[in-house]
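The block underneath contains the structure these notes are about, expressed in structure tokens.
Number of protein chains: 2
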Amino acid sequence: MGKEIKGFSKLSKEEKTNWIVDNFFKETEASKIILKQYWNDDENLQRLHDEFSENTLSNFYLPFSIAPNFLINDKIYSIPMVIEESSVIAAASKSAKLWSSLGGFKTKIISKIKNGQVHFTYLGEKELITSYFNYIKPTLIQDTETITSNMKKRGGGIIDIELINRTHDMKGYYQINVSFDTVDAMGANFINSCLEQISKSFKEKSSLSEEYKIQPNDITIIMSILSNYVPECIVKAEVSCKVEELDKIENYENYSEKFVQAVKIAQLDTSRAVTHNKGIMNGIDAISIATGNDFRAIEAGIHAYASKEGKYKGLSKAKIENDMFNFSIKIPLALGTVGGITNLHPLVKLALEMLDNPNAEELMQITAAVGLAQNYGALRSLITSGIQQGHMKMHLINILNSLKANEDEKKLAVEFFKDKIVNNRNVQNYLIKLRNSDEL
Amino acid sequence: MGKEIKGFSKLSKEEKTNWIVDNFFKETEASKIILKQYWNDDENLQRLHDEFSENTLSNFYLPFSIAPNFLINDKIYSIPMVIEESSVIAAASKSAKLWSSLGGFKTKIISKIKNGQVHFTYLGEKELITSYFNYIKPTLIQDTETITSNMKKRGGGIIDIELINRTHDMKGYYQINVSFDTVDAMGANFINSCLEQISKSFKEKSSLSEEYKIQPNDITIIMSILSNYVPECIVKAEVSCKVEELDKIENYENYSEKFVQAVKIAQLDTSRAVTHNKGIMNGIDAISIATGNDFRAIEAGIHAYASKEGKYKGLSKAKIENDMFNFSIKIPLALGTVGGITNLHPLVKLALEMLDNPNAEELMQITAAVGLAQNYGALRSLITSGIQQGHMKMHLINILNSLKANEDEKKLAVEFFKDKIVNNRNVQNYLIKLRNSDEL
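Chains A and B, in that order, give the protein sequences. Its first residue numbered 1, the first sequence is counted upward by one per residue in our numbering. Its first residue numbered 441, the second sequence is counted upward by one per residue in our numbering.
The structure is reproduced here in structure tokens:
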């Protein structure tokens, strides 16, 4: 049991590193070197990054990349994307370029409301708690004013507060549902702070008015927390063009028709829907990370929305009507362009500037377009050459690197594997033969 | 339209950087410096990271951190986690320590099968395609042998192939469903390569036997692709102890009971379920990224699984039976410890070594325990002090950094805000007062 430790978080970074490598690694010096080779030379910058989290030992690199030529609502963007998976950026760029020649992406905000709940139990009469809620409602809003004043100045704040009776689901269970407009902030801290204040006031102030016969002890606050389910914070993105134009530009027979079929399959088959939506998230997460947004929140909200009709479905739709091809997506996206790490992480600030410093609504629209482009790219590969051709080309480079191939060997290997199956063994065999030949 | 470009991917990194900063930034030199300050001094290491993706301009830092004291199946782990959100690591560490004193996490693999599908249409008679499928099935498996031979040596490969009639969903729509054991690989490339080979053989070889009256042109392959929906790749993790022990150690009245209520709410309310599961994913994604796994695939599979009963639900369960508290999670997790970037990214290799080089089943179990610990930590905060207390303490540091507070100012601010509302304005006001006072 020698690998347990007390007070780890209190140790310095150096001490933490020493303890970890001494207890979990055979080659302690080599492991330290690996951790330290990722430190930034600039101590202040490194400290900033260390303090984003706790017990930080090093920086994990993810590629910060660019997908150019996105034409969205008649404006051209280069999209900053952070993702470790090969061929995602290539696919996004290819889709963007194609659609920029066909009028680009059209996007719009459908709605932009977020919610949070105070979950509590009360075992008394329903009418009493309802009356008390209606009585105290203005006070609940008033008591959040020190928290909401700045948000109000920016045009946001609390939109509404309502009491929801859930006693049919669980004994004595009620919710106070609060809806918010958080303007350009994702707003998690803001919403949670408001909710905690509301729950405190709601419980404590029940003693103020005797007529409702409710005492603070009659109300048990279970928890107060924002919801990452944001079905009222919706953005739509679409592309469209003549069927014959698309079939011609993709140079594939019945391309549009087959594309529509592939999208339909994701609507009716869960196994396919999950992977279909995963491809959309490749794009959405990549721009979300680059712009400092919390991708776990976005993932949860979007996937839950995909199951809103009782069956998990694909998030995009495609149709052919009057010889016009239309491909669209409608998704919940609670994004922020202020707060969180957006004004702290230097590359996030740079990413936002690259996008012309969008407000939250603009970023939602750009992000939805990126998701649609990513979905388009994956489907195009799938219904034509198959996904592996492009994927394996990029994967080949990774395998070559793992086998420590030099630049000349890489070039020859890429050429050789153009029409062959790429896997570890085949690439290894090829390299062995190559190194034994005179070709280099 | 000067911001469009042809052949961007063909440019060198330097040329790409120049084009981006010239076209999208006001301060071109300053922007270049920001991008370059994240480059690694070691050119070979930098090239390796650049090649994980396409059009890479720099490295995006995410904190590489440690949550120690995880007791899982009687073995102690320090968990490598990569996440930008403050307080996640602190919460995981705290949960781990608590449960290590109560017997730790118990985990097990329930099943470990992955699936992929060839989606195709065939408009002829159902009986004919079924007969043809049964006839060609051994050949389909045989034709993948160059792809599967290595996987077979490691104990995996194709488990079964079946034809599924989906013509009631869409005209002429069938699937060939293939199930796989990919041993220690996540296996996406392996599965997709097999499926593409199977689809090719299935279509082409229909001409071989005249008795089925099927020609290659009668079969239209729509696509061949693995599924990230993995409801047969399931791992379970749980903790349990006496109710009185837990209530005592958490030092909170009716703690266990309230905890069970909070978990139940995530079962019955979608708004809560999404956020509940998001908290689980904070932990699961953080270890998945650190160990080189594709978190979009994991997210999609888990959230779809959360909706498998027709309603999106919380993924964990809690109960009190015979004075015993039990908290558990059962989730799909298709993880790999070989292939992909696992043996390429130096910090991923280090993370896997820190976990004693687990195989895929072991990593699934460790990861499920981390998810459960994260969920426990979030729920504990929510039902006791509220989530904001811990969150805001960490967030305070970020705000102080954004206001360029020095180390002395930070210490005083942390002390001052212990019992006060943390937001940008309040911290700013505090700093102004502090800087005008004699305290420093």
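Cβ coordinates follow ideal geometry from the N, Cα and C atoms, glycine included.
Within 9 Å, strictly: CB atoms of residue i and residue j
{"i": "A/PHE105", "j": "A/VAL239", "result": "yes"}
{"i": "A/LEU313", "j": "A/GLN267", "result": "It is worth fixing the name first, because residue 313 of chain A is Lys in this sequence and not Leu. Yes. Within cutoff."}
{"i": "B/ALA737", "j": "B/ASN717", "result": "no"}
{"i": "B/GLU849", "j": "A/PHE52", "result": "no"}
{"i": "A/ILE335", "j": "A/ASN375", "result": "The sequence as given places Leu at residue 335 of chain A; Ile does not occur at that position. No, these two residues do not count as a Cβ contact at 9 Å."}
{"i": "B/LYS554", "j": "B/CYS681", "result": "no"}
{"i": "B/ASP658", "j": "B/LEU563", "result": "yes"}
{"i": "A/VAL422", "j": "A/LEU403", "result": "no"}
{"i": "B/LEU502", "j": "A/ASN59", "result": "yes"}
{"i": "B/ILE724", "j": "B/ALA808", "result": "yes"}
{"i": "B/ASN495", "j": "B/GLN486", "result": "no"}
{"i": "A/GLU299", "j": "B/ILE827", "result": "no"}
{"i": "A/SER316", "j": "A/VAL274", "result": "no"}
{"i": "A/VAL230", "j": "A/LYS319", "result": "no"}
{"i": "B/SER711", "j": "A/ASN177", "result": "yes"}
{"i": "B/ASN838", "j": "A/LEU344", "result": "yes"}
{"i": "A/PHE24", "j": "B/SER728", "result": "no"}
{"i": "B/LEU840", "j": "B/LEU790", "result": "no"}
{"i": "B/GLU444", "j": "A/ILE331", "result": "no"}
{"i": "B/SER540", "j": "B/ASN509", "result": "yes"}
{"i": "A/ASP323", "j": "A/GLU244", "result": "yes"}
{"i": "B/PHE630", "j": "B/GLY779", "result": "yes"}
Same chain, Cβ closer than 6 Å to residue i, five either side skipped, listed in chain order
{"i": "B/ALA813", "result": "ALA532, SER535 and ALA536"}
{"i": "A/SER65", "result": "MET81 and ILE89"}
{"i": "B/ASP687", "result": "TYR695 and SER696"}
{"i": "A/SER87", "result": "GLY390, HIS391 and MET394"}
{"i": "B/ALA726", "result": "MET521, VAL522 and ILE523"}
{"i": "B/LEU836", "result": "PHE857 and VAL862"}
{"i": "B/ASP490", "result": "THR496"}
{"i": "A/LEU102", "result": "CYS241"}
{"i": "A/ILE109", "result": "VAL235 and GLU361"}
Contacting residues, own chain, Cβ-Cβ under 7 Å from residue i (five flanking each side not counted)
{"i": "B/GLY649", "result": "The sequence given here places Ser at residue 649 of chain B; Gly does not occur at that position. Result list for B/SER649: TYR575, in chain order."}
{"i": "B/MET441", "result": "Low per-residue confidence applies at B/MET441: pLDDT is 47, beneath 50, and the placement is therefore not dependable, though the value from the model is reported in the following sentence. Closer than 7 Å at Cβ, skipping near neighbours: no residue."}
{"i": "A/PRO216", "result": "LYS203, GLU204, SER206 and SER207"}
{"i": "B/THR570", "result": "LEU603"}
{"i": "A/ILE249", "result": "LEU98"}
{"i": "B/THR920", "result": "Here chain B comprises residues numbered 441 to 880, so residue 920 of chain B is not present and cannot be evaluated."}
{"i": "B/LEU580", "result": "ILE601, ILE638, SER641 and PHE642"}
{"i": "A/ALA304", "result": "TYR229"}
{"i": "A/LYS433", "result": "none"}
Which residues DSSP lists as bridging residue i, in chain order
{"i": "A/ASN177", "result": "A/GLN117 and A/GLU162"}
{"i": "B/ILE549", "result": "B/VAL675"}
{"i": "B/ILE760", "result": "B/PHE765"}
{"i": "A/ILE331", "result": "A/VAL235"}
{"i": "B/GLY597", "result": "B/ASP621"}
{"i": "B/LYS858", "result": "In DSSP, B/LYS858 forms no bridge with anything."}
{"i": "A/VAL442", "result": "The shown model of chain A, from 1 to 440, leaves out residue 442 of chain A, and the question about it has no answer."}
{"i": "B/TYR562", "result": "B/ILE659"}
{"i": "B/SER452", "result": "None, per the DSSP bridge assignment."}
{"i": "B/SER680", "result": "B/ASN766"}
Cutoff 8 Å; reference residue i; Cβ partners in own chain excluding five residues on either side
{"i": "B/LYS577", "result": "ILE601"}
{"i": "A/VAL348", "result": "ALA290, THR291, GLY292, ILE341 and THR342"}
{"i": "B/THR607", "result": "LYS566, TYR613 and TYR614"}
Neighbouring residues, chain E, relative to residue i (Cβ below 8 Å)
{"i": "A/ASN429", "result": "Of the protein chains in this structure, namely A and B, none is chain E."}
As an exercise, report each continuous alpha helix (DSSP H) stretch of at least 4 residues that is fully enclosed by the region 26 to 107 of chain A, in chain order. Entirely contained in the region 26 to 107 of chain A, the alpha helix (DSSP H) runs reaching 4 residues are, in chain order, 28 to 37, 43 to 50 and 88 to 100.
The region 530 to 543 of chain B contacting the region 25 to 38 of chain A, beta-carbon criterion three pairs below 8 Å: no
Pairs of beta-carbons, one from the region 146 to 163 of chain A and one from the region 787 to 804 of chain B, closer than 8 Å: are there three or more? no
Kindly provide the ranges of any alpha helix (DSSP H) runs that are 4 or more residues long and lie completely inside the region 705 to 756 of chain B, ordered along the chain. 710 to 730 and 735 to 746
Per the contact definition of three or more C-beta pairs closer than 8 Å, is the region 555 to 569 of chain B in contact with the region 654 to 670 of chain B? yes
Counting only runs of 3+ residues fully inside the region 168 to 230 of chain A, write out the beta strand (DSSP E) ranges in chain order. 173 to 181 and 219 to 226
Okay, do the region 620 to 638 of chain B and the region 447 to 461 of chain B touch, 3+ Cβ pairs below 8 Å being the bar? no
Would you call the region 694 to 711 of chain B in contact with the region 583 to 592 of chain B, where contact means no fewer than 3 C-beta pairs closer than 8 Å? no
Please give me, in chain order, every unbroken run of the alpha helix (DSSP H) with length at least 4 that falls completely inside the region 377 to 434 of chain A. 387 to 402 and 407 to 416
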